[in-house]
Every structure is written in C-alpha cells, then in structure tokens.
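Undergrad: Attaching a single structure in structure tokens format; questions to follow.
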Amino acid sequence: MDFPTFLIQLLNSVQYGLLLFMLAAGLTLIFGIMGVVNLAHGSFYMLGAYLAYWLSGYFGSLTLALLGGVVLAVLFGLALEWLLFRHFYQRDHLDQVLLTFGLIYIFEELRSMLWGDDVHGVPIPELLSASIPLTDNLSYPVYRLFMSGVCIALAVGLYLLISRTRLGMKIRAGAFNRDMAEALGINIKRIHAVVFALGVGLAAVAGIVAAPISSVYPNMGSQVLIMCFVVVVIGGIGSVRGALISALLVGLVDTFGKVLLPSMAGMLVYMLMAAVLLWKPEGLFKQ
Amino acid sequence: MSTAKAHLEVLPGSVKLVLGLGLIALAAFPLIGTDFYTQMVTRMMILSIFAMSLDLLQGVTGLVSLGHAAYFGLAGYALAFLTPQSEAVSLWWTLPAAVLASGLAALVIGFFVVRTHGIYFIMVTMAFAQMVFFLFFDNKALGGSDGLYINFKPTASVMGVTLFDLDNKVTMYYATLAAMLIVYVFLRRLLWSPFGRALAGIRVNEHRMRAMGFGTFGYKLSAFTLAGALAGLAGYLWGVQSGYINPELMGFHMSAHAIMMVILGGMGNFAGAIVGAFTFEYVLHVFKDLPQVGSVNLGKHWQLWMGLFIVLVVVFASRGVLGLIAQVKAGGKTHD
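Top line first, the protein sequences correspond to chains A and B.
Okay, so the first sequence: first residue is 286 according to the working numbering, each after it adds one.
Okay, so the second sequence: first residue is 661 according to the working numbering, each after it adds one.
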C-alpha cells in the first residue's frame with residue numbers, strides 16, 4: 286500500500302469512526318444515565334437520513350435540512366421519551382428490548398408509508414463537492430472532511446457540555462447517584478428528557494451528514510445499530526471517552542480490514558470484540 | 661429485578677387441564693385441518709421447540725439472549741450442506757450432526773458471552789449472532805444472501821425399511837409433535853433437577869450461588885450450549901419442513917421474535933413458551949392476512965400492526981398470559 290492510498294484509508298476510517306461515535310455516544314449516555322437499552326437508536330439515524338432527503342429536496346439546501354432535521358428529530362425524541370421511554374427506566378432490560386424492538390417495526394413501516402422502499406440519493410452541497418487531489422489519479426472528497434469536521438466539533442461540544450457546564454454537572458450527578466441528585470433538588474426527570482433528546486439529536490445529525498455519501502435506504506438503521514453495540518461493548522457502557530476511542534478503533538479495523546483481508550472483513554470487528562471481552566469483560570473504560 | 665420474582669414454575673391445575681386439552685386438539689388436528697393449516701401448525705410446533713430452548717436461558721437462568729436465532733439457523737444450514745444435490749440422506753446421522761453443530765457454536769460463543777452480565781449479555785449475544793449472519797450472508801460458497809435449497813427430505817429407515825416418510829405432511833406433523841413433547845418433558849424434568857435448581861438460583865441471585873460454591877460460569881455455559889443445541893433441533897426441523905434456508909433465519913428479528921414468544925405465554929415453565937409461540941405465529945399470520953380496505957392493503961403494513969402489538973403487550977402485559985393469570989389470582993397485588 287503506497288502512502289496516498291494509506292492516507293485515504295486512514296481518513297476514511299477516522300471519518301467512519303467519528304460517525305459511529307455520534308451514535309454510540311447517545312446510546313452509551315442513555316444507557317449510563319437512564320439504564321435503558323435502546324434497539325431503536327439506529328432508527329433515529331435512519332430518521333435523520335430520511336429527513337435530510339426530504340428537507341433538502343424541500344429547501345434545496347443541506348444546511349437548512351440539517352437545522353430543520355435536528356429540530357424535528359429532537360422534538361420527536363422528546364415526545365417519544367414523554368410517551369414511552371420514561372415509563373421504562375426502572376423496568377427490566379427484557380421489557381426495554383421488546384419495547385424498542387416493537388418501535389423498530391413501527392418506524393420501519395412508517396418510513397415505508399411516508400417515503401417508500403426505494404434507495405434515494407441526497408446531493409452533496411455545491412460548496413463541498415470538490416476533491417483534493419493527492420496524486421495524478423487519487424483524490425479525497427472535501428465532503429468527507431466536512432463530515433469529520435462536524436463530528437469533531439460535536440464531540441468537543443459534548444465534552445465541554447458534560448465536563449464544563451452546570452447542566453453537565455447535573456447529568457453526571459444523575460448518572461452517579463440518582464436518588465442523591467434528586468434529594469439535592471435536581472429535577473432528574475428533566476435531565477433524563479434532555480439526555481434522551483441529546484442522544485436522538487446526535488444520531489439524527491449523524492444520519493443527516495451521512496446521507497449524501499451513504500444514500501438513504503430501508504433498514505439502514507439496523508446495520509449501524511449493531512456496529513454501535515460493538516463500539517459500546519468495547520468502550521465500556523456509560524463511558525463517552527471509551528465510546529470515542531472504541532469507535533475510532535472499530536473504524537480502523539473495519540476500513541483496513543476491507544482493504545487488507547477482504548474475505549474476513551465482516552468478521553474482524555467481532556473478533557476484536559471477542560478479544561476485548563476475554564481481556565476486559567466490562568469494556569476498556571468501564572466506569 | 662422483576663425477572664426474579666414473576667415466575668410460575670409450578671403450573672396451576674387449571675392451566676394443566678387447558679394444556680392437556682390443547683394436546684388432544686393437536687393430536688386430532690391433522691384429521692380435520694386442511695394441508696395449509698396442518699403445515700402452519702407444524703411450523704408453530706417447530707417454533708415452540710425454539711422458544712422453549714430460549715426459555716431455558718431467558719426464563720430459567722435469567723439470561724436474555726438477543727442472538728438465539730443463530731443456533732436455529734446453523735442447524736438448518738448443516739442439513740443443507742449434508743444433503744447432496746441428487747439424493748436424500750439419513751435422518752439418523754444428519755439430525756445429531758446438525759444439533760451438534762449448533763451446540764458447538766453455542767459452546768464457543770457461550771465461552772465469550774456468559775462472562776458478561778445484563779445489558780452486556782444482550783448486546784454481545786446479538787453482536788455474535790450478527791457475525792454468524794454476515795459469515796453466511798457475505799459468502800457465496802455458503803449460500804450468500806439467497807440461502808440454500810434442501811432438495812430432498814432426510815429418510816428415516818432401518819435396514820432398508822422406511823419407518824416414516826417426512827415428505828408426507830401429516831407424518832411430518834406427528835414427528836414434530838413428538839419432538840416437541842420430548843423436548844417439553846425433558847426440559848420440565850431438567851427444571852426440577854439439581855442442575856435446573858442451580859440455574860434458577862443463578863437467576864435469582866448469582867452472587868449468592870457463587871458464595872455457596874457453585875461454579876456459575878460452568879452452569880451458565882452448559883445452559884447456553886444446551887439451549888443452542890435444542891434451538892438447532894428446531895432449526896433442523898424447519899429446514900426439513902420448508903426445504904429452504906436463508907440468513908434471515910439467523911437475523912436479529914428472528915431472535916427478537918423468539919424473546920417475544922417466550923414473553924407472550926409466560927416465562928420459566930416451558931408451557932408458556934409453547935403457548936407464546938402458537939400465539940405469536942397466529943397473530944403474525946392474521947396481520948399478514950389482513951384484507952384490503954378501500955385503497956389501503958392492511959396486510960401489507962403488517963410490520964406496523966406487529967410493532968404496535970409488541971409495544972402494547974410490553975406496556976400492559978409484560979409477563980404474558982400466565983403472568984396475567986397469576987396477577988388475577990393475587991388480586992392485582994403483584995402489579996409492578
């Protein structure tokens with residue numbers, strides 16, 4: 286592998302890893318703070334992608350679609366939390382699995398009724414459609430760099446939110462000891478709603494920015510969900526830092542696996558997970 | 661945790677009576693049912709075996725596996741690989757071989773997964789099942805996304821004399837019924853054996869079991885392997901009946917359906933798993949068969965109805981039919 290190819294694969298794996306992080310961060314936060322396993326988390330990614338398709342067609346601009354899509358997705362997340370999820374925080378994991386599995390069916394069918402079962406493309410914005418030439422015949426698309434940029438900005442924002450703000454302090458307090466936080470006058474129900482909406486928002490952003498390169502298709506949520514599970518298991522549930530490192534690791538293994546060992550590519554990530562489980566059954570960064 | 665308490669291991673007399681009547685109805689069914697329904701009930705019985713195998717983990721041991729379909733599908737694939745293109749093979753060695761294949765896979769995967777707990781267990785079982793799914797889905801040599809046909813049903817003969825012919829739908833029906841009863845009796849006996857009691861102890865309090873000197877890892881791994889092997893029995897029968905096997909059978913929808921079946925009847929006693937499998941398949945059949953109303957084909961949107969059905973069951977009757985009976989008996993006191 287020569288250097289330009291290596292560079293392209295490296296950039297691709299970082300971009301894929303960061304995208305997985307957007308989803309895994311929400312998944313791991315929702316589990317860490319509310320104790321809910323959410324199989325429907327991939328559906329929020331799908332929702333984002335379809336909103337990108339729908340709104341960018343309507344507005345003619347991906348930027349407006351991004352803003353509108355995030356607002357709609359967060360409102361949807363808040364409604365869902367209020368209607369269903371908040372009643373399941375104290376329930377058995379078994380009930381949570383079934384509830385969120387039922388939701389996958391509902392979301393998939395609604396998606397099919399609203400937008401059909403065809404694969405749709407979303408145009409890359411004019412401004413970002415260029416490619417940076419690396420050699421005579423190799424180049425790297427600017428849009429992928431933009432995606433990574435969005436994800437890095439959001440990751441930094443998430444870090445600052447959780448470690449540097451009053452809201453973040455309350456979130457951490459709620460995760461550490463729910464009863465004590467409540468006794469100190471923190472409205473834990475509102476914190477839960479905020480965290481849930483945050484998770485949905487991150488997943489939707491991931492779906493929106495990924496839509497132009499991945500295209501938009503049925504069941505796109507389930508595929509990404511399983512990768513997120515692997516990321517969360519490797520990183521350690523509840524750890525955002527673990528999710529970041531693990532997502533980048535999974536991105537590297539998956540992308541380079543497809544180049545170096547194509548026949549094994551589908552399995553490599555799971556083997557990585559198996560190895561981590563043997564070494565640290567609770568993930569690399571279990572808190 | 662509510663999985664620990666809401667259990668009904670000893671079946672009330674009234675439930676036993678209903679089950680007995682159900683068995684008589686099952687034994688008589690092919691005499692009155694059409695071919696279509698005989699095959700449908702055969703499928704329900706196969707799924708009952710699958711659901712019972714999961715109940716050993718989910719209801720008895722308290723391990724929620726979201727990847728149980730992998731072992732179901734593997735045995736079906738084993739049968740497909742063992743059956744040549746142009747002739748039939750013997751049931752007597754393909755059945756044990758297929759069950760062994762599923763059991764071995766469960767042993768290897770179980771070695772990794774049973775060291776995890778709760779939510780990790782759910783996610784890791786799902787991830788490993790997905791690995792098996794992609795192994796078959798991505799490899800053309802293993803049938804790829806289209807799956808494989810099993811052109812000939814296995815033969816059951818002793819010294820050249822055919823004992824029964826699985827090509828006959830009614831024979832297949834009774835063979836499946838016998839398999840289901842054998843598995844049920846076996847698991848009920850297992851439930852009350854020292855091994856079964858240890859598994860129930862792990863569900864209620866694993867730390868206490870460890871403190872009493874039980875090697876819970878070994879117990880959980882044995883249960884996982886046994887459950888995988890029994891799921892393999894169901895998958896083998898599925899392959900025989902349908903003559904066709906594809907990766908979807910190992911997908912996580914199939915695994916989640918099995919969890920739903922175990923929940924629907926009531927977990928931890930195996931009878932509930934049978935009731936749940938029948939109910940789930942029937943409900944699925946009804947939803948897919950809904951009529952055209954105006955310009956809308958209701959049956960085409962079965963996923964919506966099934967999703968709503970699952971959500972409603974989880975919200976209002978999360979411990980299934982038997983859970984509801986127990987609740988009524990306790991005067992609603994057990995409601996959580």
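Glycine included, every Cβ here is placed at the ideal spot set by N, Cα and C.
What does the Cβ neighbour count give for Ala-666 (chain B), buried or exposed, with the cut at 16 atoms within 10 Å?
TA: Low confidence applies to Ala-666 (chain B): its pLDDT is 46, below 50, so where it sits in the model is not reliable, and the reading given next is rough at best. Buried, since its Cβ has 16 or more Cβ neighbours within 10 Å.
Undergrad: For Thr-822 (chain B), list the residues DSSP reports as bridge partners.
TA: B:Ser-817
Undergrad: For the segment 894 to 913 of chain B against the segment 376 to 385 of chain A, do three or more pairs of beta-carbon atoms, one drawn from each stretch, fall closer than 8 angstroms, so that the two count as touching?
TA: No: the two stretches stay apart, fewer than three of their Cβ pairs being nearer than 8 angstroms.
Undergrad: Does at least one heavy atom of the ligand HEM sit under 7 angstroms from the Cβ of Gly-520 (chain A)?
TA: With respect to the ligand HEM, the structure offers nothing, as it holds no ligand at all.
Undergrad: Given that a residue counts as buried once 16 or more other Cβ atoms are within 10 Å of its Cβ, and exposed if not, what is Trp-965 (chain B)?
TA: Trp-965 (chain B) sits buried, since 16 or more C-beta atoms from the chains shown fall within 10 Å of its C-beta.
Undergrad: Counting contacts by CB-CB distance shorter than 8 angstroms, is Thr-785 (chain B) in contact with chain A?
TA: no
Undergrad: Please confirm whether Tyr-330 (chain A) has its beta-carbon closer than 8 angstroms to some beta-carbon of chain B.
TA: With 8 angstroms as the cut-off, Tyr-330 (chain A) does not count as an interface residue toward chain B.
Undergrad: With a threshold of 8 angstroms, are at least 3 pairs of Cβ atoms found where one atom belongs to the segment 835 to 855 of chain B and the other to the segment 706 to 718 of chain B?
TA: Two segments are said to touch when three or more pairs of C-beta atoms, one from each, lie closer than 8 angstroms; by this definition the segment 835 to 855 of chain B touches the segment 706 to 718 of chain B.
Undergrad: Taking the straight line between their C-alpha atoms, what separation do you get for Asp-996 (chain B) and Gly-983 (chain B)?
TA: For Asp-996 (chain B), the predicted structure reports a pLDDT of 43, less than 50, and the residue's modelled location is therefore unreliable. The matter cannot be settled from this model.
Undergrad: Give the DSSP-derived three-state secondary structure of Thr-663 (chain B) in the structure shown.
TA: A caution first: Thr-663 (chain B) carries a pLDDT of 45, below 50, which makes its placement in the model too unreliable to give a value.
Undergrad: For Val-356 (chain A), name the three-state secondary structure that DSSP assigns.
TA: Helix.
Undergrad: What residue range does the beta strand (DSSP E) around Pro-426 (chain A) cover?
TA: That run of the beta strand (DSSP E) goes 424 to 426.
Undergrad: So is Ala-986 (chain B) in contact with chain A if we call contact Cβ pairs under 8 angstroms?
TA: no
Undergrad: Going by DSSP, which residues form a beta bridge with Tyr-809 (chain B)?
TA: Answer is B:Tyr-904, bridged to Tyr-809 (chain B).
Undergrad: Three or more C-beta pairs under 8 angstroms: does that hold for the segment 511 to 522 of chain A against the segment 770 to 785 of chain B?
TA: Enough Cβ pairs lie closer than 8 angstroms, so yes.
Undergrad: Give me, in chain order, the residues of the same chain whose beta-carbon lies closer than 8 angstroms to that of Lys-543 (chain A); leave out the 5 immediate sequence neighbours on both sides.
TA: The beta carbon of Lys-543 (chain A) lies closer than 8 angstroms to those of Ala-550 in the same chain, with the five residues before and after it left out.
Undergrad: Taking C-alpha atoms, which residue in A:Gly-354, A:Leu-369, A:Ile-318 and A:Asn-422 lies nearest to Leu-968 (chain B)?
TA: A:Leu-369
Undergrad: Ile-842 (chain B) lies in the alpha helix (DSSP H); which residues open and close that run?
TA: 829 to 852
Undergrad: Is it buried or exposed for Leu-677 (chain B), if we count other Cβ within 10 angstroms and need 16 for buried?
TA: exposed
Undergrad: Just to confirm, are Ile-511 (chain A) and Ala-334 (chain A) a CB contact at a threshold of 8 angstroms?
TA: no
Undergrad: So with CB distances below 7 angstroms, who are the chain B contacts of Phe-370 (chain A)?
TA: Ordered by position in chain B, no residue passes the 7 angstroms Cβ test against Phe-370 (chain A), which lies about 12 angstroms from the chain.
Undergrad: Quick one: Cα of Val-427 (chain A) to Cα of Met-307 (chain A), how far?
TA: 20 angstroms
Undergrad: Please identify the residue among A:Ala-310, A:Phe-329, A:Val-321 and A:Val-382 whose C-alpha is closest to the C-alpha of Leu-357 (chain A).
TA: The shortest C-alpha separation from Leu-357 (chain A) is found at A:Phe-329.
Undergrad: For the segment 771 to 796 of chain B, enumerate the residues whose C-beta is nearer than 8 angstroms to any C-beta of chain A, in chain order.
TA: Phe-772, Val-773, Arg-775, Thr-776, Gly-778, Ile-779, Tyr-780, Ile-782, Met-783, Val-784, Met-786, Ala-787, Phe-788, Gln-790, Met-791, Phe-794 and Leu-795
Undergrad: Using a cut-off of 7 angstroms between C-beta atoms, extract the partners of Glu-394 (chain A) located in chain B.
TA: His-961, Gln-963, Leu-964 and Gly-967
Undergrad: Within this structure, are the beta carbons of Arg-775 (chain B) and Phe-877 (chain B) separated by less than 8 angstroms?
TA: yes
Undergrad: Would the segment 862 to 873 of chain B and the segment 790 to 802 of chain B be scored as touching if the rule is three or more Cβ pairs under 8 angstroms?
TA: The answer is no - the segment 790 to 802 of chain B does not touch the segment 862 to 873 of chain B, with fewer than three Cβ pairs under 8 angstroms.
Undergrad: Do you know whose CA, among B:Gly-693, B:Ala-761, B:Pro-951 and B:Gly-719, lies nearest Phe-741 (chain B)'s CA?
TA: B:Ala-761
Undergrad: Could you work out which residues of chain B lie near Gly-311 (chain A), taking near to mean beta carbons separated by less than 7 angstroms?
TA: Going along chain B, no residue has its Cβ under 7 angstroms from Gly-311 (chain A), so there is no contact; the nearest lies around 15 angstroms.
Undergrad: Apart from the five residues on each side of it in sequence, which residues of its chain come closer than 6 angstroms, Cβ to Cβ, to Phe-874 (chain B)?
TA: Ala-858
Undergrad: Can you tell me whether Asn-297 (chain A) is helix, strand or coil according to DSSP?
TA: helix
Undergrad: What three-state label does DSSP hand Val-509 (chain A) in the structure shown?
TA: Note: Val-509 (chain A) maps to helix in three-state DSSP.
Undergrad: Could you list which residues in chain B have their beta carbon closer than 7 angstroms to that of His-378 (chain A), in chain order?
TA: Val-724, Gly-778, Ile-779 and Ile-782
Undergrad: Can you give the Cα-Cα distance for Asp-825 (chain B) and Leu-716 (chain B), rounded to whole angstroms?
TA: Cα atoms of Asp-825 (chain B) and Leu-716 (chain B): separation of roughly 31 angstroms, rounded to the nearest angstrom.
Undergrad: Hey, would you say Trp-389 (chain A) sits closer than 8 angstroms to Ala-325 (chain A), going by beta carbons?
TA: For the sequence presented, residue 389 (chain A) should be read as Ile rather than Trp. It is a contact, given that the beta carbons lie within the stated cut-off.
Undergrad: CB-CB under 7 angstroms to Ala-626 (chain B), same chain, minus the five flanking residues each way: which ones, in chain order?
TA: This structure leaves residue 626 (chain B) out entirely; chain B is present only between 661 and 996.
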